[in-house]
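Just below is one structure, and these are the notes that go with it.
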Amino acid sequence: MKNIRAAAVGTVVVLLLTAALAQKAAQHLLSADELKTVTPTDFFFRGQKAPTQLRNSTGFQMADGKVTLAALVDVSGYSTAIQQKYQGMLITESKLNIGGSELVPGEYGFGFAADQFVVMNVASEDALSAPYQTDTELKRAVPLKLVQDSAGYKLYAGKKWVALKPE
Numbered sequence: 057m058k059n060i061r062a063a064a065v066g067t068v069v070v071l072l073l074t075a076a077l078a079q080k081a082a083q084h085l086l087s088a089d090e091l092k093t094v095t096p097t098d099f100f101f102r103g104q105k106a107p108t109q110l111r112n113s114t115g116f117q118m119a120d121g122k123v124t125l126a127a128l129v130d131v132s133g134y135s136t137a138i139q140q141k142y143q144g145m146l147i148t149e150s151k152l153n154i155g156g157s158e159l160v161p162g163e164y165g166f167g168f169a170a171d172q173f174v175v176m177n178v179a180s181e182d183a184l185s186a187p188y189q190t191d192t193e194l195k196r197a198v199p200l201k202l203v204q205d206s207a208g209y210k211l212y213a214g215k216k217w218v219a220l221k222p223e
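In my numbering, the protein residues as written are 57 to 223.
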């Protein structure tokens, strides 16, 4: 009788473990602890490395485990021309649709310049640009945040935002 109970309990435990491992992780915004593990301390861009701002980092993880991460960087060592459109780094492991344009996986610089959200490769060459929106209703603007919505995510820098849709 003890052997039958032990076998039954063992079978249930194995089935529960198998079911738990088979489930995919849900798509979600990265927590503060997750951001600490994935945000690089420095980001290489246009021949220099700049410290990232962990307090101003955000990101999300897809159900398949791929991560998209954005963080503001200290651009004080860059020329004024680069500083005008380079405010942060964007790392994506999956394709993104940004304002109707496709961005392939990679590491990029980004900024909200003039009336455009500009994404640049690490050589400071424009990879894409898209118009951004301004949320005048936003009560508490922060330097950088990500908000999930039905179409994907909104990347905010203050009251300016651009839609990011993972593909």
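Backbone N, C-alpha and C define an ideal beta-carbon position, used for all residues, glycine too. Please read these numbers as outputs of a predicted model, since none were measured by experiment.
Judged by pairs of C-beta atoms under 8 angstroms, the stretch 144-161 does not touch the stretch 83-90, as fewer than three such pairs exist. As the crow flies, the alpha-carbon of Gly-208 is around 19 angstroms from that of Gly-162. In the three-state DSSP reduction, Thr-124 falls in the strand class (E or B).
Between the stretch 164-172 and the stretch 129-149, the count of Cβ pairs shorter than 8 angstroms is three or higher; the stretches touch. Per DSSP, Thr-192 lies in no alpha helix (DSSP H) and is assigned neither H nor E. The Cβ atoms of Tyr-134 and Leu-146 lie no closer than 7 angstroms to each other. Secondary structure at Gln-83: coil, using DSSP grouped into helix, strand and coil.
Excluding residues up to 5 positions away in sequence, Gly-155, Asp-171, Gln-172 lie with their Cβ nearer than 7 angstroms to the Cβ of Pro-187 in the same chain. Each residue's CA atom was taken as its position, placing Val-203 and Ala-106 some 26 angstroms apart. Residue range 104-117 is occupied by the beta strand (DSSP E) that includes Gln-109. Following the DSSP letters along the chain, one finds Asp-205 inside the beta strand (DSSP E) bounded by residues 201-205. Assignment of Lys-216 by DSSP, reduced to helix, strand and coil, places it in the strand class.
Annotated three-state conformation of Thr-97 is coil, per DSSP.
Remark: C-beta atoms of Pro-222 and Asn-112 do not approach each other more closely than 7 angstroms. Secondary structure of Asp-182 (DSSP, three-state): strand. Within its own chain, the residues whose Cβ lies closer than 7 angstroms to the Cβ of Leu-184, once the five positions on either side in sequence are excluded, are Ile-154, Ser-157, Leu-159, Val-175, listed in chain order.
Our two residues, Gly-115 and Leu-128, have alpha carbons roughly 12 angstroms apart in a direct line.
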